[in-house]
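Here's the structure, in C-alpha coordinates; my notes come after.
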Amino acid sequence: GAITVRLPWAADVLPPELARRLLTTAAPGDPVTAIPARRVAGMTAAGLRLQPSDPDTTVGRVDVWADPDTGLPVQVEIAAGDGGRPVFVSRFLDLRQELPSPQAVAPPKSRSVAYATTTSQDLAALTQGFPDAIPPPELAGRPKTVVVPAVAGAAGYGDGFGTFIVLSLPGRLGFQWAQAARDAGGIEVEPPAGVGGQLIEVRTSLVTAIIVRSDAPRPQRRSFLLAGLVTPQLLRQAATELLSGLP
1 GAITVRLPWA
11 ADVLPPELAR
21 RLLTTAAPGD
31 PVTAIPARRV
41 AGMTAAGLRL
51 QPSDPDTTVG
61 RVDVWADPDT
71 GLPVQVEIAA
81 GDGGRPVFVS
91 RFLDLRQELP
101 SPQAVAPPKS
111 RSVAYATTTS
121 QDLAALTQGF
131 PDAIPPPELA
141 GRPKTVVVPA
151 VAGAAGYGDG
161 FGTFIVLSLP
171 GRLGFQWAQA
181 ARDAGGIEVE
191 PPAGVGGQLI
201 EVRTSLVTAI
211 IVRSDAPRPQ
221 RRSFLLAGLV
231 TPQLLRQAAT
241 ELLSGLP
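The sequence shown begins at 1 in our numbering and counts up by one.
Have a look at this one:
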(Lines of atoms letter the chains of each structure in order from A and count residues from 1; the text may use other names and numbers.)
(Lines give C-alpha, C1' and ligand atoms only; values in the text may rest on other atoms or scores of the structure.)
Protein backbone atom coordinates (compact mmCIF):
# COMPACT_ATOMS: atom_id res chain seq x y z
CA GLY A 1 0.00 0.00 0.00
CA ALA A 2 0.93 3.68 -0.10
CA ILE A 3 3.42 4.91 2.51
CA THR A 4 1.99 7.89 4.38
CA VAL A 5 5.18 8.86 6.22
CA ARG A 6 8.63 7.74 5.09
CA LEU A 7 12.28 8.69 5.15
CA PRO A 8 13.80 10.31 2.03
CA TRP A 9 14.94 8.04 -0.79
CA ALA A 10 17.87 8.60 -3.16
CA ALA A 11 15.41 8.94 -6.05
CA ASP A 12 13.91 12.02 -4.37
CA VAL A 13 16.91 14.11 -5.46
CA LEU A 14 17.14 12.90 -9.07
CA PRO A 15 16.39 15.81 -11.45
CA PRO A 16 12.87 14.70 -12.53
CA GLU A 17 11.52 14.10 -9.01
CA LEU A 18 13.37 17.03 -7.46
CA ALA A 19 12.08 19.42 -10.14
CA ARG A 20 8.53 18.12 -9.69
CA ARG A 21 8.62 18.68 -5.94
CA LEU A 22 10.15 22.14 -6.16
CA LEU A 23 7.90 23.44 -8.93
CA THR A 24 4.74 22.14 -7.27
CA THR A 25 5.83 23.73 -3.97
CA ALA A 26 5.89 27.21 -5.51
CA ALA A 27 3.17 29.68 -4.56
CA PRO A 28 0.81 30.80 -7.39
CA GLY A 29 2.43 34.24 -7.64
CA ASP A 30 6.06 33.10 -7.80
CA PRO A 31 7.55 34.34 -11.11
CA VAL A 32 9.01 31.91 -13.65
CA THR A 33 11.30 33.13 -16.44
CA ALA A 34 13.30 31.53 -19.24
CA ILE A 35 17.07 31.27 -18.86
CA PRO A 36 19.75 30.30 -21.43
CA ALA A 37 19.88 26.71 -22.60
CA ARG A 38 22.65 24.48 -21.31
CA ARG A 39 24.35 21.35 -22.58
CA VAL A 40 23.41 18.55 -20.18
CA ALA A 41 23.80 14.77 -20.63
CA GLY A 42 24.50 15.12 -24.34
CA MET A 43 21.53 17.35 -25.16
CA THR A 44 20.79 21.06 -25.40
CA ALA A 45 18.39 21.48 -22.49
CA ALA A 46 15.95 24.38 -22.20
CA GLY A 47 16.08 26.32 -18.93
CA LEU A 48 13.66 28.08 -16.62
CA ARG A 49 14.08 29.95 -13.36
CA LEU A 50 11.65 30.04 -10.45
CA GLN A 51 12.18 32.84 -7.93
CA PRO A 52 10.13 32.53 -4.72
CA SER A 53 8.51 35.82 -3.75
CA ASP A 54 8.11 35.04 -0.03
CA PRO A 55 10.64 37.21 1.86
CA ASP A 56 10.84 34.64 4.68
CA THR A 57 12.17 31.77 2.59
CA THR A 58 15.88 30.99 2.33
CA VAL A 59 15.50 29.88 -1.30
CA GLY A 60 16.62 32.57 -3.73
CA ARG A 61 16.07 30.74 -7.00
CA VAL A 62 15.44 27.32 -8.51
CA ASP A 63 16.86 26.70 -11.99
CA VAL A 64 15.64 23.74 -14.03
CA TRP A 65 16.91 22.50 -17.40
CA ALA A 66 14.81 19.98 -19.31
CA ASP A 67 14.75 18.05 -22.58
CA PRO A 68 12.81 20.38 -24.94
CA ASP A 69 11.24 17.39 -26.73
CA THR A 70 10.02 15.34 -23.75
CA GLY A 71 10.04 17.90 -20.93
CA LEU A 72 12.15 15.58 -18.75
CA PRO A 73 14.19 17.63 -16.23
CA VAL A 74 17.89 16.79 -16.54
CA GLN A 75 19.47 19.34 -14.17
CA VAL A 76 18.26 21.26 -11.11
CA GLU A 77 20.10 23.96 -9.16
CA ILE A 78 18.99 25.59 -5.92
CA ALA A 79 20.56 28.84 -4.71
CA ALA A 80 20.08 30.58 -1.39
CA GLY A 81 18.60 34.04 -1.05
CA ASP A 82 21.99 35.76 -1.01
CA GLY A 83 22.15 35.41 -4.79
CA GLY A 84 25.42 33.49 -4.74
CA ARG A 85 26.43 30.19 -6.30
CA PRO A 86 24.04 27.23 -6.16
CA VAL A 87 24.23 25.30 -2.90
CA PHE A 88 22.59 22.15 -4.28
CA VAL A 89 22.93 20.71 -7.79
CA SER A 90 21.44 17.52 -9.23
CA ARG A 91 22.06 16.54 -12.87
CA PHE A 92 22.32 13.60 -15.21
CA LEU A 93 25.76 12.95 -16.69
CA ASP A 94 24.53 10.38 -19.20
CA LEU A 95 20.93 9.71 -20.21
CA ARG A 96 19.01 7.42 -22.56
CA GLN A 97 15.24 7.83 -22.57
CA GLU A 98 14.20 4.29 -23.43
CA LEU A 99 12.88 1.22 -21.67
CA PRO A 100 15.65 -0.84 -20.05
CA SER A 101 16.18 -4.39 -21.20
CA PRO A 102 14.58 -7.13 -19.07
CA GLN A 103 18.07 -8.41 -18.21
CA ALA A 104 18.99 -5.04 -16.68
CA VAL A 105 16.09 -4.96 -14.22
CA ALA A 106 15.53 -8.67 -13.46
CA PRO A 107 17.16 -9.83 -10.21
CA PRO A 108 19.60 -12.73 -10.48
CA LYS A 109 18.15 -16.18 -9.85
CA SER A 110 21.30 -17.91 -8.70
CA ARG A 111 20.70 -20.52 -6.00
CA SER A 112 23.69 -19.16 -4.09
CA VAL A 113 22.04 -15.75 -3.60
CA ALA A 114 20.65 -15.29 -0.10
CA TYR A 115 17.88 -12.94 0.97
CA ALA A 116 16.48 -11.40 4.13
CA THR A 117 13.05 -10.06 5.04
CA THR A 118 12.55 -6.82 6.92
CA THR A 119 9.85 -4.27 7.60
CA SER A 120 10.05 -0.52 7.27
CA GLN A 121 10.11 1.60 10.41
CA ASP A 122 6.66 2.84 11.40
CA LEU A 123 7.48 6.56 11.51
CA ALA A 124 3.86 7.51 12.01
CA ALA A 125 3.67 5.44 15.21
CA LEU A 126 7.12 6.60 16.35
CA THR A 127 6.18 10.28 16.18
CA GLN A 128 2.74 10.08 17.76
CA GLY A 129 2.79 12.61 20.57
CA PHE A 130 0.58 13.31 23.53
CA PRO A 131 -3.15 13.67 22.76
CA ASP A 132 -3.00 17.36 23.71
CA ALA A 133 0.30 18.09 21.92
CA ILE A 134 -1.40 19.13 18.68
CA PRO A 135 0.07 22.17 16.89
CA PRO A 136 -2.10 25.31 17.13
CA PRO A 137 -4.15 26.67 14.19
CA GLU A 138 -1.68 29.53 13.55
CA LEU A 139 2.00 30.27 14.16
CA ALA A 140 4.09 33.34 13.25
CA GLY A 141 1.09 34.83 11.47
CA ARG A 142 0.76 31.81 9.18
CA PRO A 143 -2.29 29.54 9.25
CA LYS A 144 -2.10 25.78 9.45
CA THR A 145 -2.36 24.64 5.83
CA VAL A 146 -1.02 21.08 5.89
CA VAL A 147 -2.35 18.25 8.04
CA VAL A 148 -1.02 14.67 8.05
CA PRO A 149 -3.92 12.41 9.07
CA ALA A 150 -1.60 9.56 10.05
CA VAL A 151 0.34 11.80 12.47
CA ALA A 152 -1.89 13.79 14.83
CA GLY A 153 1.01 15.89 16.10
CA ALA A 154 2.22 17.11 12.69
CA ALA A 155 1.21 20.16 10.70
CA GLY A 156 2.49 22.60 8.08
CA TYR A 157 2.10 26.39 8.17
CA GLY A 158 2.03 28.86 5.29
CA ASP A 159 2.34 28.12 1.59
CA GLY A 160 4.98 28.03 -1.12
CA PHE A 161 8.62 27.94 -0.12
CA GLY A 162 7.78 29.82 3.07
CA THR A 163 6.04 26.73 4.50
CA PHE A 164 7.45 25.21 7.68
CA ILE A 165 6.46 22.04 9.50
CA VAL A 166 5.84 21.29 13.17
CA LEU A 167 6.18 17.75 14.49
CA SER A 168 5.40 16.56 18.01
CA LEU A 169 8.24 14.49 19.54
CA PRO A 170 6.88 12.17 22.21
CA GLY A 171 8.66 10.97 25.32
CA ARG A 172 12.35 10.28 25.15
CA LEU A 173 12.45 11.08 21.42
CA GLY A 174 12.44 14.80 22.22
CA PHE A 175 15.48 14.42 24.51
CA GLN A 176 17.33 12.30 21.94
CA TRP A 177 16.71 14.73 19.08
CA ALA A 178 17.69 17.70 21.24
CA GLN A 179 20.98 15.99 22.08
CA ALA A 180 21.52 15.11 18.41
CA ALA A 181 20.94 18.75 17.49
CA ARG A 182 23.59 19.87 20.00
CA ASP A 183 26.04 17.25 18.73
CA ALA A 184 25.48 18.51 15.18
CA GLY A 185 26.55 22.03 16.19
CA GLY A 186 23.15 23.37 17.17
CA ILE A 187 23.02 26.54 19.23
CA GLU A 188 20.89 27.34 22.26
CA VAL A 189 18.54 30.25 21.55
CA GLU A 190 17.47 32.20 24.62
CA PRO A 191 13.65 32.41 24.84
CA PRO A 192 12.12 35.85 25.51
CA ALA A 193 11.69 36.95 29.11
CA GLY A 194 8.82 35.17 30.78
CA VAL A 195 8.91 32.18 28.41
CA GLY A 196 10.48 29.06 29.91
CA GLY A 197 11.97 26.15 28.01
CA GLN A 198 14.63 25.34 25.43
CA LEU A 199 15.15 26.32 21.79
CA ILE A 200 17.97 24.45 20.01
CA GLU A 201 18.61 25.68 16.47
CA VAL A 202 20.42 23.93 13.61
CA ARG A 203 20.66 25.62 10.23
CA THR A 204 22.30 25.63 6.83
CA SER A 205 22.09 28.19 4.05
CA LEU A 206 18.76 26.63 3.02
CA VAL A 207 17.28 24.66 5.92
CA THR A 208 16.48 25.92 9.42
CA ALA A 209 15.40 23.54 12.20
CA ILE A 210 14.59 24.17 15.86
CA ILE A 211 13.92 21.69 18.66
CA VAL A 212 11.44 23.13 21.18
CA ARG A 213 11.24 21.65 24.69
CA SER A 214 9.11 22.90 27.56
CA ASP A 215 10.60 23.04 31.06
CA ALA A 216 7.67 21.28 32.71
CA PRO A 217 8.51 18.17 34.75
CA ARG A 218 7.88 14.76 33.27
CA PRO A 219 5.45 13.49 32.10
CA GLN A 220 4.00 16.94 31.28
CA ARG A 221 7.10 18.00 29.30
CA ARG A 222 6.44 18.55 25.58
CA SER A 223 8.87 18.59 22.66
CA PHE A 224 8.48 19.67 19.03
CA LEU A 225 10.58 19.89 15.89
CA LEU A 226 10.12 22.90 13.61
CA ALA A 227 11.83 22.93 10.21
CA GLY A 228 11.58 24.52 6.80
CA LEU A 229 13.28 26.42 3.98
CA VAL A 230 12.70 29.59 5.99
CA THR A 231 14.76 32.22 7.77
CA PRO A 232 15.85 31.67 11.38
CA GLN A 233 13.91 34.80 12.37
CA LEU A 234 10.59 33.37 11.19
CA LEU A 235 11.18 29.96 12.75
CA ARG A 236 12.32 31.48 16.06
CA GLN A 237 9.11 33.50 16.20
CA ALA A 238 7.03 30.38 15.55
CA ALA A 239 9.04 28.37 18.09
CA THR A 240 8.60 31.06 20.76
CA GLU A 241 4.84 31.20 20.19
CA LEU A 242 4.66 27.41 20.38
CA LEU A 243 6.79 27.29 23.52
CA SER A 244 4.73 29.97 25.26
CA GLY A 245 1.63 27.84 24.75
CA LEU A 246 3.12 24.64 26.18
CA PRO A 247 2.45 23.50 29.76
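Glycine included, C-beta positions come from ideal geometry on N, C-alpha and C.
To the nearest angstrom, report how far apart residue i and residue j are at their CA atoms.
i: proline 36; j: alanine 140; result: 38 Å
i: valine 62; j: leucine 167; result: 27 Å
i: leucine 242; j: phenylalanine 161; result: 21 Å
i: arginine 221; j: glutamate 138; result: 21 Å
i: glycine 81; j: threonine 58; result: 5 Å
i: leucine 23; j: serine 112; result: 46 Å
i: glycine 129; j: aspartate 30; result: For glycine 129, the pLDDT reaches just 49, beneath the cut-off of 50, and the residue's location in the model is therefore unreliable, leaving the point undetermined.
i: glutamate 190; j: glutamine 237; result: 12 Å
i: arginine 21; j: leucine 50; result: 13 Å
i: tyrosine 115; j: glycine 83; result: 49 Å
i: leucine 199; j: alanine 104; result: 50 Å
i: glutamine 233; j: proline 108; result: 53 Å
Could you tell me if residue i is buried or exposed, where buried requires 16 or more neighbouring beta carbons within 10 angstroms of its beta carbon?
i: glutamine 75; result: buried
i: threonine 70; result: exposed
i: glutamate 201; result: buried
i: leucine 93; result: exposed
i: arginine 213; result: buried
i: leucine 253; result: This structure cannot speak to residue 253, because the chain is shown only from 1 to 247.
i: threonine 117; result: exposed
i: phenylalanine 52; result: Reading off the sequence, residue 52 comes out as proline, not phenylalanine. Buried.
i: glycine 320; result: The structure shown has nothing for residue 320, since the chain only spans 1 to 247.
i: aspartate 183; result: exposed
i: glycine 197; result: buried
i: aspartate 56; result: buried
i: alanine 181; result: buried
i: alanine 26; result: buried
i: valine 151; result: buried
i: glycine 186; result: buried
Following a CB-centred definition, is residue i positioned closer than 7 Å to any heavy atom of the ligand GTP?
i: aspartate 30; result: By its list of ligands, the structure shown contains no ligand whatsoever, and the ligand GTP lies outside what it can speak to.
Report all residues from its chain with a CB closer than 7 Å to the CB of residue i; omit the five preceding and five following residues, and keep chain order.
i: leucine 72; result: Pro16, Ala66, Gln97
i: leucine 225; result: Leu167, Leu169, Trp177, Ala209, Ile211
i: glycine 228; result: Thr163, Phe164, Ile165, Thr208, Leu235
i: valine 87; result: Ile78, Ala79, Ala80, Ser205, Leu206
i: serine 101; result: none
i: valine 40; result: Trp65, Val74, Gln75, Arg91, Phe92
i: aspartate 54; result: Ala27, Gly160, Phe161, Gly162
Would you please state the rounded distance, in angstroms, between the beta carbons of residue i and residue j? I believe it to be under 8 Å.
i: arginine 142; j: glycine 153; result: Rounded, the Cβ-Cβ distance is 18 Å, inconsistent with contact.
i: proline 192; j: threonine 231; result: That belief does not hold up - the Cβ atoms of proline 192 and threonine 231 are roughly 18 Å apart, past 8 Å.
i: serine 90; j: valine 13; result: 5 Å
i: leucine 95; j: glycine 42; result: 7 Å
Keeping to the same chain, check which residues put their C-beta closer than 8 Å to that of residue i; ignore five residues upstream and five downstream.
i: arginine 38; result: Thr44, Ala45, Gly47, Trp65, Gln75
i: lysine 144; result: Pro135, Pro136, Pro137, Glu138, Ala155, Gly156, Tyr157
i: valine 146; result: Ala155, Gly156, Tyr157, Thr163, Ile165
i: leucine 18; result: Asp12, Pro73, Val76, Ser90
i: threonine 33; result: Leu48, Arg49, Gln51
i: valine 195; result: Thr240, Leu243, Ser244
Between which residues of its own chain and residue i is the CB-CB distance below 6 Å, once the five residues before and five after are set aside?
i: valine 148; result: Ala154
Entirely enclosed alpha helix (DSSP H) segments - the stretch 161 to 227, minimum 4 residues: 172 to 183
Which whole runs of the alpha helix (DSSP H) in the stretch 15 to 81 are 4 residues long or more, in chain order? 15 to 25
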